[in-house]
Structures are given as structure tokens and as C-alpha cells.
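A.B. asks: Below are the C-alpha cells for one structure; questions will follow.
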Amino acid sequence: MKRYFLIVLILFVGFALVAQEEEKLTPGEVDELIAKYAEEEQGLKTQLDGLRQEIENLRAEYESTSGKCDECLSRLAELEKKLEEMSYYVVKSGDWLAKIAVNVYGYGNDRRWVDIYNANKAKIKDPDFLYPGWKLFIPRP
């Protein structure tokens, strides 16, 4: 049994070595492969040049838009701050909710006092009594 296994192993190794034997190319085939690879190289170089140009264009576009982005972000921060300032009202002596609604929302909007009251229920226990110095949240439409 060992002999049989050894013979099969030798045959298997022999076939593997024969299969690995290098394929010999003729000079014509070598020239064809060289021409083919040179053509592929030229195509890849052209593609690489195109990609480099695209990168340069994208860099230029990024540089031109990054300044605009910074301007937009600073403007957004200003507007958010302004909105936050406009979203609160500090109660003064003699104020009542309907008067605050007219001051904030404009003439004819005195009925919007209910919106202010609902937004500040945690602070305002009785809508008829407001204390000076309270900072009330003003809901925006």
C-alpha cells in the first residue's frame, strides 16, 4: 500500500512539474505583447493626465467656494443669534399678554396672546399677572 501511494505521489509531482514548464514565446509574439502593453501604457497615461486636470479643476472650484461657504456660515450664525434675540421678550412694568402680542406680532394680532401664554405655561400661572423682568419665549409663525 505504501508503495502504491509513493508511486501515485511521484506521478502527481511529475505532472505538476510538467504543467509548470514555461511556455516559450516566439519573437513575433513578444513584439505583439510589447506593442499591446505600450498601447495600454499610453492609454493609461492619457487617462492619468485627464484625472490630474480634473483634480486641478476641483481644487480651483474648492478654493473659490470655500470662501463663500465661510461667508454663509458667518451670516447664518448672525441670523441665528438675531432670531434667538427676537424669540424672547422681557416683560416690563405695565405689560400684559395682548399688549406684548401687538408689540411682537404687529397691530391686529392681539389675539395671539394665547400663543405666548401656551408657550410659557410653565412660567405663567395666571395670564392676568405678569411680573417685570420675566423672559418670555415668543413663538414664531
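Each residue of the sequence shown is one higher than the last, beginning at 2 in this note's numbering. Glycine included, each C-beta is placed from N, C-alpha and C at the ideal position. No experiment lies behind these values; they were computed from the predicted model shown.
#1: According to DSSP, is Phe-130 helix, strand or coil?
#2: How many angstroms separate the CA atom of Asp-124 from the CA atom of Lys-82?
#3: Where does the unbroken alpha helix (DSSP H) through Tyr-90 begin, and where does it stop?
#4: Indicate, with yes or no, if the ligand SAH has a heavy atom lying under 8 Å from the CB of Lys-37.
#5: If you count every other CB in all the chains shown that lies within 10 Å of the CB of Tyr-106, and 16 or more means buried, which is it?
#6: Confirm, please, whether the CB-CB distance from Ala-99 to Asp-116 is below 9 Å.
#7: Relative to the C-alpha of Arg-141, which candidate in Tyr-132, Ser-88, Glu-62 and Asp-127 has its C-alpha closest?
#8: In the DSSP assignment, the alpha helix (DSSP H) including Leu-98 goes from what residue to what residue?
#9: Under the three-state reduction of DSSP, which class applies to Lys-83: helix, strand or coil?
#10: Within the segment 15-68, note down every full beta strand (DSSP E) run reaching 3 residues or more, in order along the chain.
#11: I need the straight-line Cα distance from Asp-129 to Asn-121, nearest angstrom please.
#12: So what does Lys-136 bridge to, in DSSP terms?
C.D. replies: Considering the structure as presented:
#1: Counting from 1 along the sequence shown, the entry for residue 130 is found at position 129. In this structure, Phe-130 counts as coil in the three-state DSSP scheme.
#2: Counting from 1 along the sequence shown, the entry for residue 124 is found at position 123. Counting from 1 along the sequence shown, the entry for residue 82 is found at position 81. Rather than Asp, the amino acid found at residue 124 in this sequence is Lys. The alpha-carbon atoms of Lys-124 and Lys-82 are separated by roughly 23 Å.
#3: In the sequence shown, counting from the first residue as 1, residue 90 sits at position 89. Here Tyr-90 belongs to no alpha helix (DSSP H); instead the beta strand (DSSP E) covers 89-91.
#4: The ligand SAH is not part of this structure, which contains no ligands at all.
#5: For the purposes of this step, residue 106 is identified with residue 105 of the sequence shown, where counting begins at 1. Buried is the call here.
#6: Position 115 of the sequence shown, counted from the start, is the residue given in the question as residue 116. Position 98 of the sequence shown, counted from the start, is the residue given in the question as residue 99. No, these two residues do not count as a Cβ contact at 9 Å.
#7: Here residue 141 is taken as the residue at index 140 of the sequence shown, counted from 1. Answer by Cα proximity: Ser-88.
#8: Position 97 of the sequence shown holds residue 98. 98-106 is the span of the alpha helix (DSSP H), which, as asked, contains Leu-98.
#9: Translated into the one-based positions of the sequence shown, residue 83 becomes position 82. If DSSP states are grouped into helix, strand and coil, Lys-83 belongs with the helices.
#10: none
#11: Your numbering for residue 129 matches position 128 in the sequence shown. Your numbering for residue 121 matches position 120 in the sequence shown. Rounded to whole angstroms, Asp-129 to Asn-121 spans 13 Å at the Cα level.
#12: Locating residue 136 in the sequence shown gives position 135, where the first residue counts as 1. Lys-136 is bridged to Val-91.
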